[in-house]
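Have a look at the structure below before the remarks.
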Amino acid sequence: MSRNLFARIGGTAVAVAALSVTMLATSASAGPPPGEDVTPNDVVPLGPYCANGFHCVFLAGLGSARHSYFNSDTNFAGDTFDDGTGVNNYVWSASNSSTGGYESHYYYGANYSGGLVFCVNPGGEVVPSELTDDGIDGNGVGRRDEASSLRLRPGTTISCFN
Amino acid sequence: MLQLTDDTSGGPGDSQSPGRRLRLPIVLALLFVALTAAASLVRPDGATPRPAPPDDPGEPPIFALFEHDPAAQRRISVANERLVIDCMARAGLRYESALLRQDGEPEPEQQQPFGPESPDQLAPVEESGPGEDPSLGTDDYLLALYGPGDRRVTVRGARMRVSGPAEGCVAEATRRLLGDKRRRWMEVKVLLFEAAEDARHDVESDEEFHRATRQWQGCMRGAGTPAEDPLALLDSRLAHQTDLREDPAMRADLQCKRDTGYLTTAYTRLTVAQRHRLNADPSLAADWTRLLDRQDSVARELLTVGR
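Chains as they are written, first to last, in the numbering used here: chain C, 23 to 184; chain Z, 3 to 309.
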């Protein structure tokens, strides 16, 4: 089970609060571009949660404890979210703010081993707490709490999320 | 929500031996199926298919969709990057595309739903790219690329939510390739991903798969490296952070998969499970192919004009 449930609940609360503020602040923004349906309920902030050029992972929802990667990382062991919690096998959600067209590819094992957990396109986000989870962190089953390494790859995998 | 359906055959003649006058048509039909299957393995772009286990039962259909027409997928990616470059240039900004700067072709991602299948998959991946360019980290740059942070297109599957920028050059490029079908494309990707997950979960309750796992377990005990199943084994070995190529248990895993035919059974059952999931919503496979073709058509035009 998740070892830091309270941190996650707290992080999610922060994310929800920030989302609410942003939605209020942007309610008068310009309409969607032609041919595209952008509904108010779909508004999710990007920039504040993952800085320019970074690939970000979160302990819970967007806006919760974060670790930002600028390059590939072969092993999350030893990396910590900004609340001190270890990153390895505790990635819940992810955001990609690449400035060079790099996809974020997350793997079950270190050194990009064990198969692909999921991948995120430039500008894409996999939004909080809804990746599948079997409740056992790091056991290679499900997608949440499983990632152990990140590889930046040029954008060729069109099935990545955006 | 995707639902499981049953596609087992149950016609009145299923269990009866065909009469002599029926044998020639049946042989011809089988020959046609075999030739069709063989032809499907020859990729028109000459791309190398992913490694297949011995007695390959055929690729699970969702994985086949993901790997459908890699040349088209490459064209779409290149066209997308060129559109982003042009759009950023109009804003007076230079976009350095990792894809267009790369020498050679990136290795395709390989699905490993039952753990490693060959010794090369035990080896660490030797690949180090140049990474992000820190000189581009300005707010104006990100705004031009992705638009305002509060303008997003979001889709939901049964369990997950995914979003991408609604404005900016990345969104503009995607809109050029997909027209008003961008949301559906995003949705299809999420639903296929979830269907693949569901199918993998379905296999866990399949009796033939259980039998194959028991045979694998027996083989592993005989090798002196007992384990519950290949994924549990892989997880326990990954925790040691060692080179898997030097790990006796991982080598035994590969040997036992070969000796017991584990992967053949596993992939056969996964193929059936994925087919069930796809059959529950035929629009997924149809829309994936249709929207891939649409993007490729636009990409071909763009790349021809750009020459």
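We treat Cβ as the ideally placed atom computed from N, Cα and C, and that holds for glycine.
All of these numbers come straight from a predicted model, not from anything done at the bench.
{"Asked": "Test: Gly-133(Z) CB closer than 7 Å to a CB of chain C", "Found": "yes"}
{"Asked": "Continuous beta strand (DSSP E) stretch holding Pro-167(Z): start and end", "Found": "163-167"}
{"Asked": "Proximity test, His-70(Z) beta-carbon vs the ligand NAD heavy atom, cut-off 6 Å", "Found": "Although the ligand NAD was asked about, the structure shown includes no ligands whatsoever."}
{"Asked": "Neighbour flag for Asn-118(C) against chain Z, beta carbons, 7 Å", "Found": "no"}
{"Asked": "is_contact[Glu-147(C), chain Z] using C-beta, thresh 7 Å", "Found": "yes"}
{"Asked": "Ranges of the beta strand (DSSP E) found wholly within the region 201-259 of chain Z, counting only runs of at least 3", "Found": "none"}
{"Asked": "Beta-carbon gap between Asn-82(Z) and Ala-175(Z) smaller than 7 Å", "Found": "yes"}
{"Asked": "Under the three-state DSSP convention, the category Leu-294(Z) falls into", "Found": "helix"}
{"Asked": "Members of the region 251-269 of chain Z that neighbour chain C once the beta carbon cut-off is set at 8 Å", "Found": "none"}
{"Asked": "Helix, strand or coil at Thr-178(C) according to DSSP, with G and I counted as helix", "Found": "coil"}
{"Asked": "Opening and closing residue of the beta strand (DSSP E) in which Thr-107(C) lies", "Found": "Counting along the chain, Thr-107(C) falls outside any beta strand (DSSP E), and DSSP gives it neither H nor E."}
{"Asked": "Sequence-distant residues of the same chain with beta carbon closer than 7 Å to Pro-228(Z), five excluded per side", "Found": "Met-222"}
{"Asked": "Stretch pair the region 110-117 of chain C + the region 79-96 of chain C: three plus CB contacts closer than 8 Å", "Found": "yes"}
{"Asked": "Any chain Z beta carbon closer than 7 Å to Phe-183(C)", "Found": "yes"}
{"Asked": "Sufficient close CB pairs (3 or more, under 8 Å) joining the region 130-147 of chain C to the region 165-172 of chain Z", "Found": "yes"}
{"Asked": "Three-state class that DSSP yields for Ser-11(C) in the structure shown", "Found": "One cannot answer for residue 11(C) here, as it falls past the ends of chain C, which runs 23 to 184."}
{"Asked": "Proximity test, Cβ basis, 7 Å: Leu-138(C) and chain Z", "Found": "yes"}
{"Asked": "Three-way DSSP call (helix, strand, coil) for Arg-96(Z) in this model", "Found": "coil"}
{"Asked": "Proximity test, Cβ basis, 7 Å: Thr-179(C) and chain Z", "Found": "yes"}
{"Asked": "Straight-line gap, Ala-258(Z) to His-212(Z) (C-alpha atoms, nearest Å)", "Found": "A small correction: the amino acid at residue 258(Z) is Cys; Ala does not occupy that position in the sequence shown. About 15 Å."}
{"Asked": "Chain-order list of residues whose beta-carbon lies under 8 Å from that of Leu-294(Z) (same chain, five-residue window excluded)", "Found": "His-70, Asp-71, Ala-74, Gln-75 and Ile-78"}
{"Asked": "The region 280-298 of chain Z / the region 184-204 of chain Z touching (three or more Cβ pairs under 8 Å)", "Found": "yes"}
{"Asked": "According to DSSP, residues forming a beta bridge with Pro-115(Z)", "Found": "Gly-117(Z)"}
{"Asked": "Straight-line Cα distance separating Ala-225(Z) from Asn-184(C)", "Found": "45 Å"}
{"Asked": "C-alpha gap between Pro-60(Z) and Gln-112(Z), whole angstroms", "Found": "The displayed chain sequence assigns Gly, not Pro, to residue 60(Z). In a straight line, the C-alpha of Gly-60(Z) is about 15 Å away from that of Gln-112(Z)."}
{"Asked": "Within chain Z, partners of His-127(C) - CB distance below 8 Å", "Found": "Glu-111"}
{"Asked": "Beta-bridge partners of Phe-80(C), as assigned by DSSP", "Found": "Arg-88(C) and Ser-115(C)"}
{"Asked": "Start-to-end residues for the alpha helix (DSSP H) that takes in Leu-310(Z)", "Found": "Past the boundaries of the shown model lies residue 310(Z); chain Z is included only from 3 to 309, so the question cannot be answered."}
{"Asked": "Three-state secondary structure (DSSP) of Cys-72(C)", "Found": "coil"}
{"Asked": "Residue-chain proximity (Gly-123(C), chain Z), Cβ-Cβ < 7 Å", "Found": "yes"}
{"Asked": "7 Å Cβ cutoff, Asn-111(C) in contact with chain Z", "Found": "no"}
{"Asked": "Sequence-distant residues of its chain with Cβ nearer than 7 Å to Leu-95(Z) (five each side left out)", "Found": "Tyr-143 and Ala-146"}
{"Asked": "Contact under 7 Å by Cβ, Glu-134(Z) with Gly-122(C)", "Found": "yes"}
{"Asked": "Cβ contact check for the region 148-163 of chain Z and the region 85-105 of chain Z: 3 or more pairs under 8 Å", "Found": "no"}
{"Asked": "Closer than 7 Å to chain C by CB, Val-300(Z)", "Found": "no"}
{"Asked": "is_contact[Tyr-91(C), chain Z] using C-beta, thresh 7 Å", "Found": "no"}
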